[in-house]
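Colleague: Numbering (my numbering), first residue to last: 2 to 333.
The structure under discussion is supplied below as structure tokens; questions concerning it will follow.
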Ligand code: BMA
């Protein structure tokens, strides 16, 4: 590998398929997509924008499950191979980390989870209802059995809260995307900093829409990957067509010490909706990445992305290949 992964983990059992012969893409799809179908659970209408991580040599995840009443819920799941998932039929019921949040955190809905291991625990962030208005919910777990909910990170309206996997300059760092109460016809990526995961400030603008594929709004995706070139971040971008929103995704590289500074940003999307399971579903034309697994030994990356707000897809790339492509196709 010419690009080094910093503070990474060895994942010898990372799911993987080599790039198919003749494929010119930097990111390629798993040939048995979708890995999780909409009716994976008896109660599910759909399972999509979801987060997976390594856990005790295997894998765990927090899944966005919409039920047949169309409640938006978070469910825990486990897997030996990160492809075949055993997902709970019941939603996660959060305990309160502190008595003071008991009234604040009455459950309304939760969607688009991300999971980030920092220091000694797994943090879950998601789009959480506070008085039925979306903001960033925060909880932690040690074992994926008990989850402790904390204060919401921000005021409504906010979505796409994504943590960095370590403190930077002594502070926790989280992306977010200030938004509105509806389908938000705007959106830039910001980051905020916190000494304690409770009080968030020192807000910084990271980037806004630039190219056609992302011209309506952008939002953070999976947990950033630390590399010798900076933080490798996959993110989604939305184009508004005469037929509605189109969600594609690409990647950028942010400065290691001042991550609000964009070093490189791919001018093109890396994946856009084109397979049937991405173009047809409850919401057409959505590819929405929420997690990666990254093997520090080989540089292999497995990307988990929601497809058409209906099911979960898997795609692959390598750190060397994606960093080289982002750098050589960069427009900042
Ligand atoms: C966004 C979020 C995502 C969803 C996307 C496309 O605003 O609600 O959960 O995948 O819209 O519908």
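The C-beta atom is built at its ideal place from N, Cα and C for all residues, glycine as well.
Quick check: is any heavy atom of the ligand BMA less than 6 Å from the C-beta of residue 339?
Modeller: Because the chain spans 2 through 333 in this model, residue 339 falls outside it and cannot be assessed.
Colleague: Could you name the residues of the same chain whose beta carbon sits closer than 6 Å to that of residue 103, not counting the 5 residues immediately before and after it, in chain order?
Modeller: 97, listed in sequence order.
Colleague: Is residue 189 near the ligand BMA, with its Cβ less than 6 Å from a heavy atom?
Modeller: Incorrect: residue 189 has no Cβ contact closer than 6 Å to the ligand BMA.
Colleague: Starting from residue 323, trace the alpha helix (DSSP H) both ways and give me its first and last residue.
Modeller: 320-329 is the extent of the alpha helix (DSSP H) around residue 323.
Colleague: With a CB to CB cut of under 6 Å and the five nearest residues on each side skipped, what residues in its chain are close to residue 215?
Modeller: These residues qualify, in order along the chain: 238.
Colleague: Give me the Cα-Cα distance between residue 134 and residue 73, rounded to the nearest whole angstrom.
Modeller: About 13 Å.
Colleague: Report the rounded CA-to-CA distance for residue 77 versus residue 257, giving the unit in angstroms.
Modeller: Approximately 32 Å, taken between the alpha carbons.
Colleague: Which residues in the same chain as residue 42 place their Cβ atom closer than 8 Å to its Cβ, once the five residues preceding and following it in sequence are excluded?
Modeller: Correct list, in chain order: 48, 66, 76, 88 and 90.
Colleague: Alpha carbon to alpha carbon, how far is residue 227 from residue 167?
Modeller: In a straight line, the C-alpha of residue 227 is about 9 Å away from that of residue 167.
Colleague: Using the Cβ count rule (16 or more neighbours within 10 Å means buried), how would you classify residue 333?
Modeller: Exposed, since its Cβ has fewer than 16 Cβ neighbours within 10 Å.
Colleague: Whether or not the region 4-23 and the region 293-305 are in contact is what I'm after, with contact meaning three or more pairs of Cβ atoms, one per stretch, closer than 8 Å; do they touch?
Modeller: The region 293-305, when compared against the region 4-23, does touch it at the 8 Å Cβ threshold.
Colleague: Quick one: grab the DSSP three-state call for residue 227.
Modeller: DSSP places residue 227 in strand when its eight states are reduced to three.
Colleague: Taking the Cβ atom as the reference point for each residue, do residue 252 and residue 323 lie within a distance shorter than 7 Å?
Modeller: Yes; because the gap between Cβ atoms is below 7 Å, this pair is in contact.
Colleague: How big is the Cα-Cα spacing for residue 229 and residue 5?
Modeller: So the alpha carbons of these two residues sit roughly 5 Å apart.
Colleague: Return the bridge partner residues of residue 75 from the DSSP annotation.
Modeller: In DSSP, residue 75 forms a bridge with 65.
Colleague: Would residue 300 be called buried (16 or more neighbouring beta carbons within 10 Å of its own) or exposed?
Modeller: The residue is buried, with at least 16 neighbouring Cβ atoms inside 10 Å.
Colleague: Can you find at least 3 beta carbon pairs, one from the region 309-322 and one from the region 25-41, that sit closer than 8 Å?
Modeller: Contact between the region 309-322 and the region 25-41 is present, because at least three Cβ pairs lie under 8 Å.
Colleague: DSSP has residue 18 in a bridge; who is on the other side?
Modeller: Answer by DSSP bridge pairing: none, since residue 18 is not bridged.
Colleague: When burial is assigned at 16 or more other CB atoms within 10 Å of the CB, is residue 244 buried or exposed?
Modeller: It is exposed - the Cβ of residue 244 has fewer than 16 other Cβ atoms within 10 Å.
Colleague: Output the distance between the C-alpha atoms of residue 189 and residue 218, rounded to the nearest integer angstrom.
Modeller: Taking the straight line from one Cα to the other gives about 6 Å.
Colleague: Helix, strand or coil, according to DSSP, for residue 96 in the structure here?
Modeller: If DSSP states are grouped into helix, strand and coil, residue 96 belongs with the strands.
Colleague: Do you know how far the Cα of residue 186 is from the Cα of residue 211?
Modeller: Cα-Cα distance, rounded: 15 Å.
Colleague: So who's on the other strand from residue 294, going by DSSP bridges?
Modeller: Residue 294 pairs with 303.
Colleague: Buried or exposed: which applies to residue 259, given that a residue is buried once 16 or more other Cβ atoms fall within 10 Å of its Cβ?
Modeller: Under this definition residue 259 is an exposed residue.
Colleague: Taking DSSP as the reference, what is the three-state secondary structure of residue 185?
Modeller: Note: residue 185 maps to coil in three-state DSSP.
Colleague: Using alpha carbons as the reference points, say which of 222, 24, 290 and 209 lies closest to residue 263.
Modeller: Selected option, being the one with the closest Cα: 209.
Colleague: Out of 321, 33, 305 and 139, state which residue places its alpha-carbon closest to the alpha-carbon of residue 61.
Modeller: Nearest of 321, 33, 305 and 139 to residue 61, Cα basis: 305.
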